[in-house]
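Some notes on the structure that comes next.
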Amino acid sequence: VYGKTKAICEEILAATDMNVARLRYFNACGRNVKANLHEEHEPETHLIPLLVKNKQATIYGNTWATKDGTCIRDYVHVVDICRAHIQAYRYLETQEKANFAVNVGSSKGYSVKEVVDKVNQIIHNGEMDIVYEDRRNGDTPYLVADNTKLKELLDYTPSYTLDDIIESMKLS
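FYI, in our numbering the residues of the sequence shown are 855 to 1026.
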């Protein structure tokens, strides 16, 4: 349902005569350290905050056709998302007519196991336990942003690395 409603909203916006920028985020995460802002969900369902808060990691599926059998995902820092919005706004200000969609991600894929290992190294000093569970319904093995249009149209490339994202979460 979630994906369908996003697609319907995009169709509606694409059909208007308004100047519209539709930014498609991939896995938004990280903390704005300068503004002391962080994500908070109850219950927490997002991978990196779950890993930061817990010394046990649950990985759903390790039999995918990927290098380590776990899903590949794209993670983008919230500050990069904010900067992409600013670039989109500036672009729209200069256009008489513009209506477009761009992906906002790092364009780098990390396996769930790689993310778990990074958080374990940076946050938990190698003391995490990893539990493997069955795949979840609806998961797909590979979701990574193609930022070509973001770069070409808005002259923007996200700058935060996965390590930067995890480091920013230390203080959450």
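Glycine residues also receive a C-beta, built at the ideal position from the N, C-alpha and C atoms.
Here the structure is a predicted model, which means the values were calculated and not measured.
Below 6 Å CB to CB, which residues in the same chain sit around residue i once its five sequence neighbours on both sides are set aside?
{"i": "I976", "result": "I1020"}
{"i": "G923", "result": "N916 and T917"}
{"i": "E898", "result": "L904"}
Check whether the Cβ atoms of residue i and residue j sit closer than 8 Å, and answer yes or no.
{"i": "H895", "j": "R885", "result": "no"}
{"i": "S960", "j": "P1012", "result": "yes"}
{"i": "L946", "j": "A938", "result": "no"}
{"i": "K1003", "j": "V956", "result": "yes"}
{"i": "F880", "j": "V970", "result": "no"}
{"i": "M982", "j": "K909", "result": "yes"}
{"i": "N807", "j": "Q941", "result": "Outside the modelled stretch of the chain, which goes from 855 to 1026, sits residue 807, for which no answer is possible."}
{"i": "I913", "j": "Y996", "result": "no"}
{"i": "F954", "j": "A869", "result": "no"}
With distances taken Cα to Cα, identify the nearest neighbour of residue i among the options.
{"i": "V973", "options": "M1023, V887 and L1004", "result": "M1023"}
{"i": "H900", "options": "A955, N890 and Y929", "result": "Y929"}
{"i": "I984", "options": "K962, F880, D1009 and L905", "result": "L905"}
{"i": "D934", "options": "G992, I913, T859 and L877", "result": "L877"}
{"i": "C925", "options": "D1017, G992 and D1000", "result": "G992"}
{"i": "A999", "options": "L1008, K962 and D1018", "result": "K962"}
{"i": "A882", "options": "R927, E864 and A868", "result": "R927"}
{"i": "D1017", "options": "Y1010, R990 and E968", "result": "E968"}
Using 7 Å as the cut-off, classify the Cβ of residue i as near or not near the heavy atoms of the ligand NAD, replying yes or no.
{"i": "P995", "result": "Absence of the ligand NAD from the depicted structure is noted, as is the absence of any ligand whatsoever, leaving it without description."}
Below 7 Å CB to CB, which residues in the same chain sit around residue i once its five sequence neighbours on both sides are set aside?
{"i": "K921", "result": "S965"}
Got a sec? Which residues, its chain only, sit under 8 Å from residue i by beta carbon, not counting five neighbours each side?
{"i": "Y1010", "result": "R937, A938, Q941 and L1004"}
**OP:** Return the chain-ordered ranges of every beta strand (DSSP E) run that is complete within the segment 892-941 and spans a minimum of 3 residues.
**Re:** 910-914 and 929-931
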